[in-house]
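Each remark here refers to the structure printed beneath this line.
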Amino acid sequence: MDMLLIITILVVIFALGFDFINGFHDTANAIATSVSTRALKPRVAVMMAAVMNFVGAITFVGVAKAIASDIVDPFSLNGFEGDTTGSIVILAALCSAITWNLLTWYYGIPSSSSHTLIGSIAGAAIASAGFGILNYEGFLKILQALIFSPIIALVIGFSMMKLFKFLFKNFSLYSTNKGFRLVQIATAAIQSFTHGTNDAQKAMGIITMALIAANMQSGDEVQDWVRVACALAMGLGTAVGGYKIIKTVGGKIMKIRPVNGVAADLSSASIIFGATLIHLPVSTTHVISSAIMGVGAAQRVKGVNWAIARKIVLTWFITMPISAVMAGVFFLLLNLIF
112 MDMLLIITIL
122 VVIFALGFDF
132 INGFHDTANA
142 IATSVSTRAL
152 KPRVAVMMAA
162 VMNFVGAITF
172 VGVAKAIASD
182 IVDPFSLNGF
192 EGDTTGSIVI
202 LAALCSAITW
212 NLLTWYYGIP
222 SSSSHTLIGS
232 IAGAAIASAG
242 FGILNYEGFL
252 KILQALIFSP
262 IIALVIGFSM
272 MKLFKFLFKN
282 FSLYSTNKGF
292 RLVQIATAAI
302 QSFTHGTNDA
312 QKAMGIITMA
322 LIAANMQSGD
332 EVQDWVRVAC
342 ALAMGLGTAV
352 GGYKIIKTVG
362 GKIMKIRPVN
372 GVAADLSSAS
382 IIFGATLIHL
392 PVSTTHVISS
402 AIMGVGAAQR
412 VKGVNWAIAR
422 KIVLTWFITM
432 PISAVMAGVF
442 FLLLNLIF
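For what it's worth, our numbering labels the leading residue of the sequence shown as 112, then goes sequentially.
Structure (C-alpha coordinates):
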(Lines of atoms letter the chains of each structure in order from A; the text may use other names.)
(Lines give C-alpha, C1' and ligand atoms only; values in the text may rest on other atoms or scores of the structure.)
Protein backbone atom coordinates (compact mmCIF):
# COMPACT_ATOMS: atom_id res chain seq x y z
CA MET A 112 0.00 0.00 0.00
CA ASP A 113 1.21 3.54 -0.82
CA MET A 114 2.88 5.22 2.20
CA LEU A 115 0.97 8.48 1.67
CA LEU A 116 -2.33 6.58 1.75
CA ILE A 117 -1.31 4.73 4.93
CA ILE A 118 -0.46 7.99 6.71
CA THR A 119 -3.71 9.61 5.53
CA ILE A 120 -5.73 6.67 6.89
CA LEU A 121 -3.87 7.03 10.19
CA VAL A 122 -4.68 10.76 10.24
CA VAL A 123 -8.39 10.02 9.75
CA ILE A 124 -8.32 7.41 12.55
CA PHE A 125 -6.42 9.74 14.91
CA ALA A 126 -8.67 12.70 14.03
CA LEU A 127 -11.76 10.68 14.88
CA GLY A 128 -9.99 9.56 18.06
CA PHE A 129 -9.31 13.20 18.92
CA ASP A 130 -12.98 14.00 18.33
CA PHE A 131 -14.02 11.07 20.53
CA ILE A 132 -11.73 12.26 23.33
CA ASN A 133 -12.95 15.81 22.80
CA GLY A 134 -16.46 14.46 23.36
CA PHE A 135 -15.80 13.26 26.90
CA HIS A 136 -13.14 15.90 27.64
CA ASP A 137 -14.89 19.11 26.58
CA THR A 138 -18.57 18.20 26.51
CA ALA A 139 -18.39 17.67 30.25
CA ASN A 140 -18.10 21.45 30.51
CA ALA A 141 -21.37 21.93 28.63
CA ILE A 142 -23.41 19.86 31.09
CA ALA A 143 -21.39 20.44 34.27
CA THR A 144 -23.68 23.12 35.70
CA SER A 145 -26.91 21.19 35.06
CA VAL A 146 -25.46 18.08 36.73
CA SER A 147 -24.06 19.97 39.73
CA THR A 148 -27.44 21.63 40.43
CA ARG A 149 -29.24 18.29 39.94
CA ALA A 150 -31.36 19.69 37.16
CA LEU A 151 -30.36 16.57 35.26
CA LYS A 152 -29.04 13.21 36.36
CA PRO A 153 -25.52 12.60 35.01
CA ARG A 154 -26.54 9.75 32.69
CA VAL A 155 -29.48 11.71 31.24
CA ALA A 156 -27.35 14.84 30.83
CA VAL A 157 -24.60 12.91 29.03
CA MET A 158 -27.01 11.22 26.60
CA MET A 159 -28.81 14.49 25.86
CA ALA A 160 -25.46 16.18 25.27
CA ALA A 161 -24.42 13.37 22.91
CA VAL A 162 -27.52 13.85 20.76
CA MET A 163 -27.28 17.66 20.72
CA ASN A 164 -23.55 17.50 19.96
CA PHE A 165 -24.24 15.31 16.94
CA VAL A 166 -26.96 17.66 15.67
CA GLY A 167 -24.72 20.70 16.14
CA ALA A 168 -21.76 19.00 14.50
CA ILE A 169 -23.52 18.25 11.21
CA THR A 170 -25.15 21.69 10.95
CA PHE A 171 -22.15 23.98 10.30
CA VAL A 172 -18.77 23.74 8.52
CA GLY A 173 -17.28 27.27 8.68
CA VAL A 174 -14.99 26.52 11.63
CA ALA A 175 -13.74 23.36 9.88
CA LYS A 176 -12.63 25.45 6.89
CA ALA A 177 -10.83 27.88 9.21
CA ILE A 178 -8.90 25.03 10.86
CA ALA A 179 -8.08 23.52 7.44
CA SER A 180 -6.56 26.69 5.95
CA ASP A 181 -6.14 29.58 8.42
CA ILE A 182 -3.26 28.18 10.52
CA VAL A 183 -1.18 26.65 7.74
CA ASP A 184 -1.91 26.58 4.01
CA PRO A 185 -2.43 22.85 3.39
CA PHE A 186 -1.47 23.26 -0.29
CA SER A 187 2.04 24.38 0.76
CA LEU A 188 2.82 21.47 3.09
CA ASN A 189 4.08 19.02 0.43
CA GLY A 190 7.08 19.79 -1.72
CA PHE A 191 6.35 17.35 -4.57
CA GLU A 192 3.88 14.74 -5.78
CA GLY A 193 3.73 11.85 -3.33
CA ASP A 194 5.60 13.75 -0.61
CA THR A 195 4.40 12.61 2.84
CA THR A 196 5.69 15.65 4.79
CA GLY A 197 2.32 17.41 5.03
CA SER A 198 0.54 14.27 6.18
CA ILE A 199 3.22 13.62 8.82
CA VAL A 200 2.79 17.21 10.07
CA ILE A 201 -0.92 16.62 10.60
CA LEU A 202 -0.40 13.20 12.19
CA ALA A 203 2.20 14.67 14.58
CA ALA A 204 -0.22 17.45 15.54
CA LEU A 205 -2.92 14.90 16.34
CA CYS A 206 -0.54 12.77 18.43
CA SER A 207 0.39 15.83 20.47
CA ALA A 208 -3.21 17.05 20.91
CA ILE A 209 -4.47 13.61 21.95
CA THR A 210 -1.61 13.17 24.44
CA TRP A 211 -2.27 16.53 26.11
CA ASN A 212 -6.03 15.97 26.21
CA LEU A 213 -5.63 12.59 27.89
CA LEU A 214 -3.14 13.95 30.45
CA THR A 215 -5.38 16.85 31.44
CA TRP A 216 -8.47 14.63 31.48
CA TYR A 217 -6.72 12.15 33.78
CA TYR A 218 -5.91 14.90 36.27
CA GLY A 219 -9.35 16.51 35.94
CA ILE A 220 -7.99 19.78 34.52
CA PRO A 221 -10.39 21.55 32.13
CA SER A 222 -7.78 22.48 29.53
CA SER A 223 -8.66 23.53 26.01
CA SER A 224 -8.84 21.05 23.14
CA SER A 225 -8.84 24.05 20.80
CA HIS A 226 -5.61 25.43 22.25
CA THR A 227 -3.85 22.09 22.12
CA LEU A 228 -4.94 21.34 18.54
CA ILE A 229 -4.05 24.78 17.17
CA GLY A 230 -0.73 24.86 19.07
CA SER A 231 0.05 21.34 17.84
CA ILE A 232 -0.64 22.18 14.18
CA ALA A 233 1.58 25.25 14.41
CA GLY A 234 4.36 23.38 16.24
CA ALA A 235 4.47 20.45 13.82
CA ALA A 236 4.40 22.76 10.79
CA ILE A 237 7.23 24.90 12.21
CA ALA A 238 9.30 21.77 12.90
CA SER A 239 8.73 20.80 9.28
CA ALA A 240 9.42 24.06 7.42
CA GLY A 241 10.19 26.86 9.87
CA PHE A 242 8.11 29.82 11.02
CA GLY A 243 7.47 31.00 7.46
CA ILE A 244 5.02 28.15 6.90
CA LEU A 245 2.41 29.74 9.18
CA ASN A 246 -0.49 31.70 7.72
CA TYR A 247 0.02 34.62 10.11
CA GLU A 248 -3.14 36.53 9.18
CA GLY A 249 -5.40 33.56 9.83
CA PHE A 250 -3.37 32.32 12.81
CA LEU A 251 -3.51 35.71 14.56
CA LYS A 252 -7.25 35.94 13.90
CA ILE A 253 -7.76 32.58 15.61
CA LEU A 254 -5.47 33.59 18.49
CA GLN A 255 -7.49 36.77 19.04
CA ALA A 256 -10.70 34.74 19.18
CA LEU A 257 -9.15 32.36 21.72
CA ILE A 258 -7.86 35.23 23.89
CA PHE A 259 -10.86 37.55 23.84
CA SER A 260 -13.73 35.03 23.99
CA PRO A 261 -13.11 34.06 27.67
CA ILE A 262 -12.85 37.73 28.65
CA ILE A 263 -16.15 38.50 26.92
CA ALA A 264 -17.73 35.43 28.56
CA LEU A 265 -16.58 36.64 31.99
CA VAL A 266 -18.16 40.05 31.41
CA ILE A 267 -21.40 38.65 29.98
CA GLY A 268 -21.67 36.07 32.78
CA PHE A 269 -21.22 38.82 35.37
CA SER A 270 -23.80 41.06 33.65
CA MET A 271 -26.29 38.21 33.14
CA MET A 272 -26.16 37.28 36.82
CA LYS A 273 -26.58 40.90 37.90
CA LEU A 274 -29.63 41.16 35.62
CA PHE A 275 -31.16 37.97 37.05
CA LYS A 276 -30.60 39.22 40.60
CA PHE A 277 -32.42 42.45 39.75
CA LEU A 278 -35.32 40.79 37.91
CA PHE A 279 -35.96 38.11 40.54
CA LYS A 280 -35.10 40.02 43.72
CA ASN A 281 -38.72 39.85 44.94
CA PHE A 282 -39.10 36.10 44.35
CA SER A 283 -38.49 33.46 47.01
CA LEU A 284 -35.29 31.46 46.74
CA TYR A 285 -37.23 28.17 46.62
CA SER A 286 -39.51 29.15 43.73
CA THR A 287 -36.64 30.76 41.83
CA ASN A 288 -34.44 27.67 42.12
CA LYS A 289 -37.30 25.36 41.17
CA GLY A 290 -38.11 27.37 38.04
CA PHE A 291 -34.51 27.78 36.96
CA ARG A 292 -33.82 24.08 37.46
CA LEU A 293 -36.38 23.36 34.74
CA VAL A 294 -34.95 26.09 32.50
CA GLN A 295 -31.51 24.53 32.94
CA ILE A 296 -32.60 21.45 31.02
CA ALA A 297 -33.13 23.65 27.96
CA THR A 298 -29.96 25.70 28.47
CA ALA A 299 -27.87 22.53 28.86
CA ALA A 300 -29.26 21.28 25.53
CA ILE A 301 -28.46 24.63 23.88
CA GLN A 302 -24.99 24.55 25.39
CA SER A 303 -24.34 21.06 24.02
CA PHE A 304 -25.65 22.05 20.58
CA THR A 305 -23.34 25.08 20.38
CA HIS A 306 -20.43 22.91 21.53
CA GLY A 307 -21.07 20.60 18.60
CA THR A 308 -21.26 23.49 16.14
CA ASN A 309 -17.74 24.61 17.08
CA ASP A 310 -15.67 21.80 18.59
CA ALA A 311 -16.61 18.88 16.32
CA GLN A 312 -15.63 20.96 13.29
CA LYS A 313 -12.01 21.06 14.41
CA ALA A 314 -11.56 17.37 13.59
CA MET A 315 -13.41 17.92 10.31
CA GLY A 316 -10.91 20.63 9.47
CA ILE A 317 -7.97 18.35 10.29
CA ILE A 318 -9.25 15.53 8.05
CA THR A 319 -9.96 18.02 5.23
CA MET A 320 -6.44 19.37 5.67
CA ALA A 321 -5.02 15.83 5.41
CA LEU A 322 -7.03 15.06 2.26
CA ILE A 323 -5.71 18.24 0.63
CA ALA A 324 -2.13 17.45 1.69
CA ALA A 325 -2.50 13.96 0.20
CA ASN A 326 -3.88 15.42 -3.08
CA MET A 327 -7.18 13.63 -2.52
CA GLN A 328 -9.21 16.83 -2.91
CA SER A 329 -8.48 20.20 -4.46
CA GLY A 330 -10.65 22.57 -2.38
CA ASP A 331 -11.42 23.19 1.28
CA GLU A 332 -14.98 21.88 1.16
CA VAL A 333 -15.79 19.44 3.96
CA GLN A 334 -16.99 16.15 2.48
CA ASP A 335 -20.26 14.66 3.75
CA TRP A 336 -18.65 11.48 5.08
CA VAL A 337 -16.20 13.60 7.10
CA ARG A 338 -19.05 15.59 8.68
CA VAL A 339 -21.02 12.48 9.66
CA ALA A 340 -17.97 10.55 10.92
CA CYS A 341 -16.79 13.44 13.13
CA ALA A 342 -20.28 14.10 14.45
CA LEU A 343 -20.65 10.42 15.37
CA ALA A 344 -17.20 10.30 17.02
CA MET A 345 -17.98 13.31 19.20
CA GLY A 346 -21.44 11.98 20.04
CA LEU A 347 -20.00 8.63 21.10
CA GLY A 348 -17.28 10.34 23.13
CA THR A 349 -19.90 12.41 24.88
CA ALA A 350 -21.89 9.26 25.68
CA VAL A 351 -18.83 7.87 27.48
CA GLY A 352 -18.94 10.95 29.72
CA GLY A 353 -16.33 13.06 31.45
CA TYR A 354 -17.17 13.12 35.14
CA LYS A 355 -13.73 14.29 36.31
CA ILE A 356 -14.12 17.52 34.35
CA ILE A 357 -17.76 17.86 35.49
CA LYS A 358 -16.56 17.74 39.10
CA THR A 359 -14.04 20.54 38.56
CA VAL A 360 -16.17 22.87 36.44
CA GLY A 361 -19.48 22.12 38.12
CA GLY A 362 -18.44 22.29 41.74
CA LYS A 363 -14.90 23.40 42.46
CA ILE A 364 -14.98 26.87 40.86
CA MET A 365 -18.02 27.96 42.90
CA LYS A 366 -21.13 26.53 44.52
CA ILE A 367 -23.64 26.61 41.67
CA ARG A 368 -27.38 27.08 42.12
CA PRO A 369 -29.87 26.72 39.23
CA VAL A 370 -30.05 30.47 38.59
CA ASN A 371 -26.24 30.57 38.37
CA GLY A 372 -26.26 27.62 35.98
CA VAL A 373 -28.77 29.23 33.62
CA ALA A 374 -26.83 32.51 33.62
CA ALA A 375 -23.56 30.69 32.88
CA ASP A 376 -25.10 28.45 30.20
CA LEU A 377 -26.77 31.30 28.33
CA SER A 378 -23.65 33.48 28.52
CA SER A 379 -21.25 30.85 27.23
CA ALA A 380 -23.64 29.44 24.60
CA SER A 381 -24.11 32.89 23.08
CA ILE A 382 -20.33 33.38 22.79
CA ILE A 383 -19.68 29.93 21.29
CA PHE A 384 -22.52 30.13 18.77
CA GLY A 385 -21.56 33.68 17.83
CA ALA A 386 -18.02 32.47 17.10
CA THR A 387 -19.41 29.60 14.99
CA LEU A 388 -21.45 32.03 12.89
CA ILE A 389 -18.32 34.07 12.05
CA HIS A 390 -16.28 30.88 11.41
CA LEU A 391 -13.90 31.24 14.37
CA PRO A 392 -12.80 28.34 16.60
CA VAL A 393 -12.98 29.17 20.30
CA SER A 394 -12.29 27.16 23.41
CA THR A 395 -15.57 25.94 24.85
CA THR A 396 -13.66 25.04 28.03
CA HIS A 397 -12.35 28.56 28.47
CA VAL A 398 -15.64 30.22 27.60
CA ILE A 399 -17.73 28.08 29.96
CA SER A 400 -15.25 28.32 32.85
CA SER A 401 -15.00 32.09 32.41
CA ALA A 402 -18.78 32.49 32.31
CA ILE A 403 -19.03 30.56 35.59
CA MET A 404 -16.36 32.80 37.14
CA GLY A 405 -18.24 35.90 35.97
CA VAL A 406 -21.51 34.59 37.39
CA GLY A 407 -19.79 33.73 40.67
CA ALA A 408 -18.17 37.16 40.95
CA ALA A 409 -21.59 38.80 40.42
CA GLN A 410 -23.05 36.64 43.18
CA ARG A 411 -20.20 37.05 45.65
CA VAL A 412 -16.55 37.58 44.75
CA LYS A 413 -15.38 35.52 47.73
CA GLY A 414 -17.70 32.71 46.66
CA VAL A 415 -15.45 31.89 43.72
CA ASN A 416 -12.64 29.45 44.40
CA TRP A 417 -9.94 31.63 42.86
CA ALA A 418 -7.24 29.03 43.56
CA ILE A 419 -8.98 26.62 41.18
CA ALA A 420 -9.61 29.50 38.78
CA ARG A 421 -5.88 30.36 38.77
CA LYS A 422 -5.04 26.72 38.06
CA ILE A 423 -7.41 26.73 35.09
CA VAL A 424 -6.05 30.04 33.78
CA LEU A 425 -2.46 28.76 34.11
CA THR A 426 -3.43 25.72 32.05
CA TRP A 427 -4.90 28.06 29.42
CA PHE A 428 -1.54 29.82 29.06
CA ILE A 429 0.72 26.77 29.00
CA THR A 430 -1.38 24.49 26.75
CA MET A 431 -0.51 26.04 23.40
CA PRO A 432 3.30 26.33 23.82
CA ILE A 433 3.60 22.88 25.41
CA SER A 434 1.48 21.36 22.64
CA ALA A 435 3.61 23.10 19.98
CA VAL A 436 6.83 21.67 21.44
CA MET A 437 5.30 18.20 21.81
CA ALA A 438 4.07 18.30 18.21
CA GLY A 439 7.55 19.27 17.01
CA VAL A 440 9.02 16.27 18.84
CA PHE A 441 6.34 13.95 17.44
CA PHE A 442 7.07 15.25 13.92
CA LEU A 443 10.78 14.42 14.26
CA LEU A 444 9.96 10.94 15.60
CA LEU A 445 7.38 10.19 12.90
CA ASN A 446 9.79 11.42 10.25
CA LEU A 447 12.21 8.71 11.36
CA ILE A 448 9.46 6.05 11.22
CA PHE A 449 7.97 7.02 7.84
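Quick reminder that beta carbons are idealized off the backbone N, C-alpha and C, glycines included. All figures in this text were calculated on a predicted structure; none of them were measured in a lab.
- Per DSSP, the unbroken alpha helix (DSSP H) holding G372 starts and ends at 369-388.
- Fewer than three Cβ pairs drawn from the region 157-174 and the region 370-379 lie within less than 8 Å of each other, which leaves the two stretches out of contact.
- Contact check for T349 against T170 fails: the beta carbons are separated by 9 Å or more.
- In this structure, A344 lies near L127, with their beta-carbon atoms less than 9 Å apart.
- Residue range 247-278 is occupied by the alpha helix (DSSP H) that includes Y247.
- D130 and V406 have their C-alpha atoms some 29 Å from each other.
- In the three-state reduction of the DSSP assignment, V294 falls in the helix class, which pools H, G and I.
- In the DSSP assignment, P153 falls within the alpha helix (DSSP H) that extends over 153-168.
- Distance check between A264 and each of I201, I399, T215, S231 places I399 closest, using alpha-carbon atoms only.
- From the listed residues F304, P261, R149, I253, the smallest Cα separation to S222 is found for P261.
- In summary, W211 is buried, with 16 or more beta-carbon neighbours lying within 10 Å of its beta-carbon over all protein chains present.
- The three-state secondary structure of V393, taken from DSSP, is coil.
- When DSSP reads this structure, V183 sits in a beta bridge with L245.
- Residue nearest to S381 within the set P369, R368, G439, T395 is T395 (criterion: CA-CA distance).
- A contact is defined here as three or more CB-CB pairs under 8 Å, and the region 229-244 meets this definition with respect to the region 421-435.
- Cβ-Cβ separation between T387 and V174: approximately 6 Å, consistent with a contact (criterion under 8 Å).
- Between the alpha carbons of K280 and V370 lies a distance of about 12 Å.
- Taking a contact to require three or more Cβ pairs closer than 8 Å, the region 287-300 and the region 141-155 qualify as touching.
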